[in-house]
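A short worksheet on the structure shown next.
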């Protein structure tokens, strides 16, 4: 029998090492890079510092928005064409301005707040988790702002149009400025949160908690849940707004099922 040559021996050695390298590469994804032990005091100190930075960012955002709050108010009043706003108590518009500036300031400061959260949790994440962090954060942010846009362009005008047209020949549309902005702000942010459904589904799929097949098999419960969610999240009782939000929730849910299936879960 002819003894193996050096080339054959080297080839066999490389082939035998390939599974080991693949195993090592897979194991390295579950390691925490640059892992440095920190005491509880160090963690609390870092948390305090990042909360301080976040509060400064929020304060700067709120103050900046308060300087242009009249323009923001005018922008939010656009969907309510045909209605007149009243100040029903002393200082009502002032407190509305603070509320609008507060929400707007937090919204503007949200990228910096998100950055501080990521920087705090990043040292404890493995390489595999860090790979998922970027797409999930980006997707969540895009979906949240898409939810705000959907509420502003579709939901709010549909709800207000229904209320203005209903009884238009009987009553004049004179609305409290405070009640109006409670309605608008609640609908904006609840819709933004509802648009996080695909992100939650993707996380459940990646963690192996729920598969795409299981998500799809429960479509009847999803239909019921979308109807309930549309009724709960919308501050109005008109069927148009609830149907629009329920339809959007269904679309987002089945889009999430498609994403989970696309990653092979």
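Numbering (this note's numbering), first residue to last: 1 to 265.
All C-beta atoms in this analysis are idealised placements derived from N, C-alpha and C, irrespective of residue type, glycine included.
Nothing here was measured: the structure is a model prediction, and the numbers come from that model.
Check                                                                                                                                                            : Outcome
Nearest-angstrom Cα distance between residue 77 and residue 152?                                                                                                 : 10 Å
With distances taken Cα to Cα, identify the nearest neighbour of residue 65 among 41, 40 and 99.                                                                 : 99
At the level of alpha carbons, what is the spacing between residue 122 and residue 183?                                                                          : 37 Å
Can you have a look at residue 191 and say buried or exposed, based on whether 16 or more other CB atoms are within 10 angstroms of its CB?                      : buried
With a 10 Å radius around its C-beta and 16 neighbouring C-beta atoms as the bar for buried, classify residue 117 as buried or exposed.                          : exposed
Can you check whether the CB of residue 163 is closer than 8 Å to the CB of residue 96?                                                                          : no
According to DSSP, is residue 89 helix, strand or coil?                                                                                                          : coil
What do you reckon, are the CB atoms on residue 147 and residue 108 nearer than 8 Å?                                                                             : no
Which residues mark the beginning and the end of the alpha helix (DSSP H) in which residue 212 is found?                                                         : 212-217
Apply the 10 Å Cβ neighbour rule to residue 49 and answer buried if 16 or more other Cβ atoms are within range, or exposed otherwise.                            : exposed
Sorted by chain position, which residues of the same chain lie with C-beta nearer than 6 Å to residue 255's C-beta, five sequence neighbours on each side aside? : 198
Does DSSP put residue 161 in a helix, a strand or coil?                                                                                                          : helix
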